[in-house]
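Right, one structure below, let's go through it.
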Amino acid sequence: MTQALVGQHLPDVTLLPSDGRDVAMSGLVGLTVIYIYPRTSPPDGNAIAGWSDIPGAKGCTPQSCGFRDHHAELTDAGVAQVFGLSTQTSTYQAEVIERHRLPFVLLSDADLKLKNALNLPFFEAANMTLQHHLTLIVQDGKIEHLFENITDPAANAAAVLDYIKGR
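Numbering (my numbering) for the sequence shown: -15 to 151.
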């Protein structure tokens, strides 16, 4: 189902990033990586009860740290921008960036605009709508490739880098 997104243009949806400047998804220029994840736990480390039992929920922080660790290689390979995206607020995400020293911004889809426009896969937990791990490779606003069913979020950035180098 999600593979049907390949070849589609991103919708005319504007998201609020952690740095406060709006990002128009349909206006992205160049090669962009958008990794989508359910949520990061708060600074005290308390995850949602039963989080480990939800298939595909774990690994958000290792995924973000993987993109942090491979960021320079991705930009050297031609990636213009990397974004992380979750349904958490941009204020919360700003703390995550500082805590994990991320060299890129995180986008908030708290209003579920992008999720609804693209019919992205999601699940419900603790009265929250959370998105599954999914990584979009976007060229000038058009989805070129996607990674879904990500079983090892920590290795996702390396897989993306391999794809970018081989395209």
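Glycine included, C-beta positions come from ideal geometry on N, C-alpha and C.
Asked                                                                                                        : Found
First and last residue of the uninterrupted alpha helix (DSSP H) at L102                                     : 97 to 102
The segment 17 to 24 / the segment 118 to 127 touching (three or more Cβ pairs under 8 Å)                    : yes
Proximity winner among S36, L91, L(-6), relative to R5 (alpha-carbon distances)                              : L91
Closer than 8 Å to chain B by CB, S70                                                                        : Chain labels in this structure do not include chain B; a single protein chain is all it has.
The alpha helix (DSSP H) enclosing K149, as first and last residue numbers                                   : 140 to 150
Start-end ranges of the alpha helix (DSSP H) lying completely within the segment 1 to 27, minimum 4 residues : none
Counted within 10 angstroms of its Cβ, other Cβ atoms place R83 as buried (16 or more) or exposed            : exposed
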